[in-house]
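Student: A single structure is presented below for examination.
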Amino acid sequence: MNLHNTLTGRVEALAPEQPPEVRMYVCGPTVYGRAHIGNFRSFVATDLLRRALRYKGWRVKEVMNVTDVDDRIIQLAAKAGKDLRSFTAEHIRSFEEDRATLRMDPPELVPRATEHIPDMIGLVQRLIDRGHTYTADGSVYFKIATFPEYGRLSRLDVAGIRSGARVDTDKYDKEDARDFVLWKAKQDEPEWAQWDAPFGRGRPGWHLECSAMSMKYLGETFDLHCGGVDLIFPHHENEIAQSTCATGKAFVRHWMHVTHLLVDNETMSKSKGNFYTIPDLLERGHRPDAVRYLLSAAHYRKPLNFTWDGLHQAATSIDKVQGFARRLDEVDRDGPALAVVEEAVRMARDAFDRALDEDLNTPEALAAVHELVNEGNRLLAEGALTREGAARLRRQLESMDSVFAVLLPGEDRLSTEEQALLDARQEARRKREFQKADEHRKKLEEMGVILEDTPKGTRWRRKH
RNA sequence: GGCGGCGUAGCCAAGUGGUUAAGGCGGAGGUCUGCAAAACCUCUACUCUCCGGUUCAAGUCCGGACGCCGCCUCCA
């Protein structure tokens, strides 16, 4: 599989060091509040990637960290009168809930920063021993001057950082504006946000956890590191610096970064009122699979603009695919599968595979899904499908769905009331009392149930 | 100011040197249907923000303009 590598700026083969295993690390959530759909664009993109890798036959070992200690968390927890653990617990739970709602596979490991303080201390110690640090006001800083490669990932002119638009804070006494803190000396913060270390009581700097936990679980050099574009600088740049300097080895072979989501063509922010969480969308009656589809329907390195219209379009697109899957199950003709079925499957699968192989081109892969659906619908309309042929198409769709996770209809049932209405309508139709039948159908529609009459009976689906 | 990205039909969105510019949504007409819905068929960008250039050939490469977005110390 070819994937864009931020390190080189090119699309290149993702070549795991120990095939067939791909060891990937994803910068996970900072658990101080509910994640928003912008966050989930990144997470869905990395989920699509891990699913695509598995589809290709790789074994994936994914580590996604949970940042459960940082300035905002400490502040908000203290304000809420809670300690770190109980404050973050609820946000971790809501993140897991949203992750499941969006049908993301859980990573193999989800380590928390606060459970890896000793690992982080160890890492700082190694950096101290190797002479990459200095201490000021009790805090330990990474000295960027000791790492000539600094700035390679972000292609930032290191000198430019000094004269940049907002290098404000010298809260701490840094020798160089680019230096970053590894270990923050204790301030007037709650006891539960402090740990003892050989170099003094305090807490880890933000970048440290990702280096410590990724190397602990994936090895000092691993295959793939993913996150939102905003993390390129300084977060990932700093991770590279501290990891490389601590081990003397290359840190990560391949870096993948997901472009930010826009909402109504603007950056999301609470003040603009375009800041949405998954529960926000569900409350407005939107389906989770439509949200996932929308987030999958643009290439991960292109800007994606989230709009209500886009969400509706996504829902309609999904209905077409899911409706096809449902109708496949109704085929009951005997006989062998047609050669055209095999041909349609082969064409769609080839296009699908090519698309995923080329930098995770999910929009093009979805186009291949729709080609399969179109051809299948054509055969369905001609009555040309046998049970065997339908099963073949269904299997292909299932295979594609192992990546997208929205192509097949979910289990659903009518309520007793809905079922009663449906039965009453059927009875009315049998008696050719069409006006009455139409009333029942209208009522059901108002309840969100759409009916489709076919020669073989009436089927129903939920409106979104 | 520095660095990076984007600009393709009414909307969403692929395509990055060479057959008729994918796919989805929407729209128009038709088939089917008690009526619908779904599905199917036909149509819906002589053209890729604009202006130059390179080339036998450019949406695709180069230069410039305009517009939008992101990053430049803790935001996915």
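Under the numbering used here, the first residue of the first sequence carries the number 309, and numbering increases by one thereafter.
In this text, a Cβ means the ideal position worked out from N, Cα and C, and glycines have one as well.
It should be emphasised that the depicted structure is a prediction, and the values quoted were computed from it without experimental measurement.
Spatial neighbours of G472 within its chain, please: CB distance less than 7 angstroms, with the 5 preceding and 5 following residues excluded, ordered by chain position.
Tutor: Taking the first sequence and counting its residues from 1, one reaches residue 472 at position 164. Its pLDDT being 36, under 50, G472 is placed unreliably by the model, and the measurement read from it follows with that caveat. Excluding positions up to five away in sequence, the list is empty.
Student: At what residues does the alpha helix (DSSP H) containing M576 begin and finish?
Tutor: Sequence index remark: in the first sequence, residue 576 carries index 268 (1-based). M576 -> no alpha helix (DSSP H), and no H or E assigned at all.
Student: So N347 is in the alpha helix (DSSP H); what residue range does that whole segment cover?
Tutor: Locating residue 347 in the first sequence gives position 39, counting from the first residue. Per DSSP, N347 belongs to the alpha helix (DSSP H) from I345 to Y363.
Student: What are the partner residues of K369, as DSSP defines its beta bridges?
Tutor: Position 61 of the first sequence, counted from the first residue, corresponds to residue 369. Answer is R331, bridged to K369.
Student: Please list, in chain order, all residues of the same chain as L602 whose beta carbon is under 6 angstroms from its beta carbon, the five residues on each side excluded.
Tutor: Walking along the first sequence from the start, residue 602 turns up at place 294. The residues are G618, L619 and A622.
Student: Out of M428, W768 and M372, which has the shortest C-alpha to C-alpha gap to R634?
Tutor: What you label residue 634 is simply residue 326 of the first sequence in a count that begins at 1. Of the listed residues, the one whose Cα sits closest to R634 is W768.
Student: Can you give me the start and stop residues for the alpha helix (DSSP H) that Y449 sits inside?
Tutor: As a first step, residue 449 is located in the first sequence; it is residue number 141 there, counting from the start. Looking at the DSSP string, Y449 is not in any alpha helix (DSSP H); the run it does join, the beta strand (DSSP E), is S447 to F450.
Student: How long is the line joining the alpha carbons of E405 and T396, rounded to whole angstroms?
Tutor: As a working note, residue 405 is residue 97 in the first sequence. As a working note, residue 396 is residue 88 in the first sequence. Straight through space, the alpha carbons of T396 and E405 are spaced by roughly 14 angstroms.
Student: Please confirm whether Y340 and L526 have their CB atoms less than 8 angstroms apart.
Tutor: As a first step, residue 340 is located in the first sequence; it is residue number 32 there, counting from the start. As a first step, residue 526 is located in the first sequence; it is residue number 218 there, counting from the start. Contact flag unset, no.
Student: Looking at C-beta atoms only, is the number of pairs between the stretch 509-523 and the stretch 309-323 that lie closer than 8 angstroms three or more?
Tutor: no
Student: Measuring alpha carbon to alpha carbon, tell me which residue in W616, D661 and D642 is nearest D709.
Tutor: Position 401 of the first sequence, counting from 1, holds the residue named residue 709. Checked all of W616, D661 and D642; the closest Cα to D709 is D661.
Student: Can you tell me whether DSSP reads N685 as helix, strand or coil?
Tutor: Locating residue 685 in the first sequence gives position 377, counting from the first residue. Of the three classes helix, strand and coil, the one that applies to N685 here is helix, per DSSP.
Student: Leaving out five residues on either side along the sequence, give the residues of the same chain with a beta carbon under 6 angstroms from the beta carbon of P498.
Tutor: Against the first sequence, residue 498 aligns to sequence position 190. If we look at P498 and ignore the five residues flanking it on each side, its Cβ neighbours are A386.
Student: Of all the options L361, M523 and V352, which has the alpha carbon lying nearest to the alpha carbon of N310?
Tutor: Position 2 of the first sequence, counting from 1, holds the residue named residue 310. Looking at the Cα atoms, L361 is the closest of the given residues.
Student: Quick one: what's V442 bridged to in DSSP?
Tutor: Position 134 of the first sequence, counted from the start, is the residue given in the question as residue 442. Here residue 442 is Tyr; the residue named in the question, Val, does not match the sequence. In DSSP, Y442 forms a bridge with Y449.
Student: Going by DSSP in three states, H620 sits in which element: helix, strand or coil?
Tutor: Indexing the first sequence from 1 puts residue 620 at position 312. The answer is helix: DSSP assigns H620 an H, G or I state.
Student: Three-state secondary structure (DSSP) at H772?
Tutor: Within the first sequence, residue 772 is the residue found at index 464, counting from 1. H772 falls in the coil class under three-state DSSP.
Student: Within the continuous alpha helix (DSSP H) that includes V649, where are the two ends?
Tutor: What you label residue 649 is simply residue 341 of the first sequence in a count that begins at 1. Start and end: A647 to D665.
Student: Determine the extent of the beta strand (DSSP E) in which I758 is found, giving its start and end residues.
Tutor: Residue mapping note: residue 758 aligns to position 450 of the first sequence, counting from 1. From DSSP, the beta strand (DSSP E) with I758 extends over V757 to T762.
Student: Need the endpoints of the alpha helix (DSSP H) that N546 sits in, please.
Tutor: Taking the first sequence and counting its residues from 1, one reaches residue 546 at position 238. Start and end: E545 to T555.
Student: Tell me the DSSP secondary structure of R767 in three-state form.
Tutor: By one-based count along the first sequence, residue 767 stands at place 459. Reduced to three states, the DSSP call for R767 is strand.
Student: Starting from the Cα of A343, find the closest Cα among Q326, V377, R407 and G389 and give me that residue.
Tutor: Here residue 343 refers to the residue found at position 35 when the first sequence is read from its first residue. That would be R407, whose Cα lies nearest to the Cα of A343.
Student: Expressed to the nearest angstrom, what Euclidean distance is found between the alpha-carbon atoms of L752 and K739?
Tutor: Here residue 752 is taken as the residue at index 444 of the first sequence, counted from 1. Here residue 739 is taken as the residue at index 431 of the first sequence, counted from 1. Their backbone Cα atoms lie some 19 angstroms apart in a straight line.
Student: Do you know offhand how far V421's Cα is from Q383's?
Tutor: Here residue 421 refers to the residue found at position 113 when the first sequence is read from its first residue. Here residue 383 refers to the residue found at position 75 when the first sequence is read from its first residue. Per the sequence presented here, residue 421 reads as Ala, with Val not at that position. Computed Cα separation, rounded: 17 angstroms.
Student: Tell me whether G430 sits in a helix, a strand or coil according to DSSP, three-state version.
Tutor: Taking the first sequence and counting its residues from 1, the one referred to as residue 430 is at position 122. Note: G430 maps to helix in three-state DSSP.
Student: Kindly identify the DSSP beta-bridge partner or partners of P607.
Tutor: Counted from its first residue, the first sequence places residue 607 at position 299. Checking the sequence, you will find His at residue 607 rather than Pro. H607 is not bridged to any residue.
Student: If you reduce the DSSP assignment to three classes, tell me which class H515 lands in.
Tutor: For the purposes of this step, residue 515 is taken as the residue at position 207 of the first sequence. Helix.
Student: If you compare alpha carbons, which of V448, I586 and F488 is closest to G346?
Tutor: In the first sequence, the residue the question calls residue 346 occupies position 38. That would be I586, whose Cα lies nearest to the Cα of G346.
Student: For Q326, list the residues DSSP reports as bridge partners.
Tutor: Locating residue 326 in the first sequence gives position 18, counting from the first residue. Beta-bridge pairing links Q326 to E329.
Student: To the nearest angstrom, report how far apart G756 and L716 are at their CA atoms.
Tutor: Stepping through the first sequence from its first residue, residue 756 is reached at position 448. Stepping through the first sequence from its first residue, residue 716 is reached at position 408. L716 has its alpha-carbon roughly 19 angstroms from the corresponding atom of G756.
Student: Have a look at L730, A736 and F742 and flag the residue whose alpha-carbon is nearest the alpha-carbon of I758.
Tutor: Looking up residue 758 in the first sequence gives position 450. Among L730, A736 and F742, the Cα nearest to that of I758 is on L730.
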